[in-house]
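Q: Reading the sequence shown from the start, the letters are residues 0 to 279 in numbering that gives the first Met the number 0. Note that CB positions come from ideal geometry on N, CA and C, so glycine has one too.
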Amino acid sequence: MQKNALTILGLPPKSTSIMGILNVTPDSFSDGGKFNDIDKALQHAEQMLAGGADIIDIGGESTRPNATKVNNNEELKRVIPVIEAIKKRFNCLISVDSSNPNVIWQAYNAGVDLINDVRALSQDNALEVSAKTGLPVCLMHMQGAPDTMQLKPKYDNIVQDVTDFFEFKINQCYNAGIDKHKIILDVGFGFGKTLEHNLQMLNSLEQFHKLELPLLVGLSRKSMLGQITGQPEDQRLHSSISAGIISAMKGAQILRVHDVPQTKQALQIVEAMNKVKYES
Ligand code: 9MG
């Protein structure tokens with residue numbers, strides 16, 4: 000079997016795994032303030048694992064537009080004790096959602112299995128530190144920075160431009176000592192993209208498979224779903240499941256979601272269908 004980030008993590012290469020979101024930020028867009036103490040974080044992780052999460056993604060900095068910036072110490076203080084507590088209590092995969100090389104390094108020492116960086120290791124020293132950990136990395140595409148990214152996103156051709164970005168990043172990682180087989184790609188729905196850009200990417204998601212790397216998709220409760228349905232963040236379960244299932248049917252190998260058990264059930268249908276061979 001060919002080695003890739005999924006096989007390194009022990010995840011199935013041919014079905015869709017679930018990454019459950021655990022935000023430990025007071026201003027996080029979907030569960031802000033609810034899980035920023037360790038017991039609550041443990042409880043939430045336990046529920047997500049029982050509901051079928053394969054990875055718990057722990058982040059201490061919200062990337063929603065206009066979120067308050069957190070400094071290095073604050074991010075460390077939020078994230079590291081939660082990683083340590085989850086690592087101690089559960090036998091599960093953990094990813095750290097951070098762009099900060101100090102946080103990445105300390106998270107590695109605390110036992111995380113995967114680096115999830117929405118800035119695709121673009122901060123000073125992030126590439127070098129990540130290479131030193133030897134961990135798999137998820138590189139997400141974002142145009143601009145969280146506080147300005149939605150002002151006037153512009154592309155010549157969204158699919159081609161994001162593909163070019165990935166090719167550049169894969170090369171940059173290789174030069175820094177991160178081999179291609181450790182990389183997961185994420186097109187970054189909602190990060191510097193209009194609704195039309197997001198829909199064009201979702202419609203063309205298969206095209207990113209030509210890079211021959213696992214795809215992670217984050218659409219859960221995103222504002223693009225609200226733009227379509229008119230629903231507020233806390234009423235986007237059905238649209239999140241629909242968008243997740245479209246992604247899974249287009250071959251996404253990991254879905255990053257808030258609503259784990261509901262996503263799991265929906266994915267079980269896709270999996271059951273994929274197992275049946277039918278020749279007409
Ligand atoms: C941290 N974070 C928020 N949204 C995300 C997304 O769509 N993908 C990834 N990989 N991380 C995200």
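Work out the CA separation of E278 and I57 for me, nearest whole Å.
A: Looking at the two C-alpha atoms, the distance is approximately 44 Å.
Q: In angstroms, rounded to a whole number, what distance separates the CA positions of K274 and I244?
A: Rounded to the nearest angstrom, the two C-alpha atoms are 16 Å apart.
Q: Report the option in E127, D258 and L48 whose CA atom is closest to the CA atom of N174.
A: When only C-alpha atoms are compared, the closest one is E127.
Q: Whose C-beta lies closer than 8 Å to the C-beta of D112 among residues of the same chain, with five residues either side of it excluded?
A: Only L8, I54, L92, I93, S94, L134 and P135 meet the Cβ criterion.
Q: K2: buried (16+ other C-beta within 10 angstroms of its C-beta) or exposed?
A: Exposed is the call here.
Q: Within the present structure, is the beta-carbon of G191 separated from the nearest heavy atom of ligand 1 by less than 7 Å?
A: Result no, Cβ not under 7 Å from ligand 1.
Q: Report yes if the C-beta of V102 is less than 7 Å from at least one heavy atom of ligand 1; otherwise report no.
A: The answer is no for V102.
Q: In terms of residue numbering, what span does the alpha helix (DSSP H) encompassing Q266 cover?
A: Note that residue 266 is Leu in the sequence shown, not Gln. Note, L266: alpha helix (DSSP H), V259 to K274.
Q: Would you report the Cα separation of F28 and A271, rounded to the nearest angstrom?
A: Note that F28 scores a pLDDT of 44, beneath 50, so its modelled location is shaky; the value from the coordinates is reported in the next line. Their Cα atoms are separated by approximately 33 Å.
Q: Using the three-state DSSP reduction, which class does L254 fall into: helix, strand or coil?
A: The answer is strand: DSSP assigns L254 an E or B state.
Q: Thinking L138 and L184 are a contact (beta carbons under 8 Å), I'd like their distance in whole angstroms, please.
A: Contact flag correct, Cβ pair sits at about 6 Å.
Q: Which value, in whole angstroms, describes the spacing of the CA atoms of D160 and G225?
A: The alpha-carbon atoms of D160 and G225 are separated by roughly 25 Å.
Q: Do M223 and F190 count as a contact pair if the criterion is CB distance below 8 Å?
A: In this structure, M223 does not lie closer than 8 Å to F190 by Cβ.
Q: Should the segment 250 to 260 be called in touch with the segment 9 to 16, which here means at least 3 C-beta pairs below 8 Å?
A: They touch, by the three-pair rule.
Q: Along the chain, where does the alpha helix (DSSP H) that runs through V136 open and close?
A: Per DSSP, V136 belongs to no alpha helix (DSSP H); it is in the beta strand (DSSP E), V136 to M139.
Q: Run through the segment 66 to 148 for me and flag every whole beta strand (DSSP E) of 3 or more residues, listed as ranges in chain order.
A: Whole beta strand (DSSP E) segments, 3+ residues: 92 to 96, 113 to 116 and 136 to 139.
Q: Could you work out which residue in L21, T132, P145 and N156 is closest to G176 when comparing CA atoms only?
A: The option with the nearest alpha carbon to G176 is T132.
Q: Could you tell me if the beta carbon of L126 falls within a distance shorter than 7 Å of some heavy atom in ligand 1?
A: Because no heavy atom of ligand 1 lies under 7 Å away, the Cβ of L126 does not count as near it: no.
Q: Decide if T62 is buried, meaning its Cβ has at least 16 other Cβ atoms within 10 Å, or exposed.
A: So T62 ends up on the buried side.
Q: Taking D36 as the reference, give the member of L5, I85 and A49 with the closest Cα.
A: Closest by alpha carbon: I85.
Q: Suppose the cutoff is 6 Å on Cβ atoms and the five residues either side in sequence are ignored; what does the same chain contact list for T228 look like?
A: Answer for T228: S238, listed in chain order.
Q: Look at the Cβ atom of T262, then the Cβ atom of V256, and state whether they are nearer than 8 Å.
A: Going by C-beta atoms, T262 is nearer than 8 Å to V256.
Q: Could you pull out every residue in the same chain whose Cβ sits closer than 7 Å to the Cβ of S129, ignoring the five residues on either side in sequence?
A: Here the set comprises I103, I114, L120, V136 and I177.
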